[in-house]
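What follows is a set of notes on a single structure, which appears directly below.
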Amino acid sequence: MNSSPPGDAPGEGRYGEAFFRPDRAGEAERIDFGALAYDDITMARLRALGAGPGWRCLDIGAGTGTVSRRLLGETAVASVLAVDRDVRFLDARPAPGLRTLQADVTAPDFAPGSFQLVHARFVLMHLSERDRLIGRFAELLTPGGVLVLSDAVDLTSERTPATPYSTAMRAMWQGLRATIGTDVSSVPSYPHLLRGAGLDHVAAEIHVPPLVPGSAISRFWADTWQRSREAMVATGLVDDAGIDAAARYLESDACAALSAGMLTAWGQKPQGPTG
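Heads up: the sequence shown at position 218 corresponds to 218 in UniProt numbering, and the numbers run straight through without jumps.
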């Protein structure tokens, strides 16, 4: 008999199977709400790291392809290979220079080539082998190339005031960990892991979008709760009425809460000996 609390151990499910299925109506829109909240920050960082003409880029877990297409349109990179376990949303929005690859990045034979930029956003937090994958992604870089990783960081604590929002978020993180293995607790270690993968010029930053009624991030969390409702209720921390109350709270003037942040960490592959 397992006496551990619900959600105490990571689950063995996969993102996009039990929850966040791409064939469920509205999933592309949910992903795009997240893109609206974070794409400007992501693009500013990629431009600052030098993404531009001549670069071959790999966008891992590309979702609906918003970052891939903006790289092509705004920085004039040479090409972007957008990878996902399901590419239906990518193929629905083609663009010049954009190639798609349906693949599992955890597979031993994942070797799509070498790139000046390897980017993965909201991917590793859902995968148990994140430490190994960071090393694997670093191997895909050309000398001087950059690896950029972004994932969520939970900014709540035991002293965070209890609100419908904070209750729903705690249930969401715990429920997703118990079912599909989502774990954001190691995200702050990404700079250390990038250094351990042999990369130089390692640094990181956090962006926290404001929770205001009608915002993209508020819509993203409300839709995410709807899709993970079963896992959330199973934790015993919240019931259906509590999830509905949290969604209303996000759209009310009473909302006074801090969204989960997006930590972005990056590092550069050494150029190696010259001459």
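Ideal Cβ positions, reconstructed from N, Cα and C, are used throughout, including at glycine.
Just so we're clear, the structure is a prediction, and the values are computed from it rather than from any experiment.
Is it the case that the Cβ atoms of residue i and residue j are separated by a distance below 8 Å?
i      : j      : result
Ser68  : Ala76  : no
Ala265 : Pro191 : yes
Ser252 : Pro213 : yes
Pro209 : Ser259 : yes
Val148 : Pro112 : no
Val146 : Leu263 : no
Phe115 : Asp151 : no
Could you check the C-alpha separation between residue i and residue j for me, to the nearest Å?
i           : j      : result
Gly242      : Ala168 : 7 Å
Met1        : Leu46  : With a pLDDT of only 30 at Met1, under the threshold of 50, the placement of this residue in the model should not be trusted, and no figure is reported.
Leu176      : Val184 : 10 Å
Gly261      : Arg219 : 15 Å
Asp200      : Leu98  : 29 Å
Asp223      : Gly272 : 46 Å
Thr142      : Glu230 : 43 Å
Thr179      : Met172 : 11 Å
Met43       : Thr64  : 15 Å
Leu237      : Gly144 : 47 Å
residue 289 : Leu124 : Outside the modelled stretch of the chain, which goes from 1 to 275, sits residue 289, for which no answer is possible.
Ala120      : Asp59  : 6 Å
Ser4        : Thr235 : For Ser4, the pLDDT reaches just 38, beneath the cut-off of 50, and the residue's location in the model is therefore unreliable, leaving the point undetermined.
Val105      : Asp131 : 13 Å
Pro164      : Tyr249 : 7 Å
Thr274      : Gly54  : Per-residue confidence for Thr274 stands at a pLDDT of 48, beneath the threshold of 50, marking its modelled position as unreliable; no derived number is given.
Gly26       : Glu17  : 15 Å
Gly13       : Pro161 : 31 Å
Gln268      : Asp239 : 45 Å
residue 277 : Leu133 : One cannot answer for residue 277 here, as it falls past the ends of the chain, which runs 1 to 275.
Under the DSSP definition of a beta bridge, which residues are partnered with residue i?
i      : result
Ser150 : Arg121, Thr264
Arg56  : Ser79
Thr100 : Ala82
Asp200 : Gln268
Ile206 : Leu263
My understanding is that residue i touches residue j, with C-beta atoms under 8 Å, so please give their C-beta distance in whole angstroms.
i      : j      : result
Cys57  : Leu117 : 4 Å
Phe89  : Ser228 : Rounded, the Cβ-Cβ distance is 19 Å, inconsistent with contact.
Ala257 : Trp225 : Not quite, the Cβ-Cβ distance comes to about 13 Å (not below 8 Å), so this is no contact.
Ala95  : Leu72  : 6 Å
Ala138 : Ala216 : The Cβ separation is near 31 Å, so there is no contact.
Thr182 : Arg170 : With 8 Å as the limit, Thr182 and Arg170 do not qualify as a contact, their Cβ atoms being about 13 Å apart.
Asp91  : Arg70  : About 18 Å separates the two Cβ atoms, so there is no contact after all.
Ile41  : His207 : 5 Å
For a cutoff of 8 Å on Cβ pairs, would you count residue i as touching chain D?
i     : result
Leu98 : The chain labelled as chain D is not found in the depicted structure, where only one protein chain is given.
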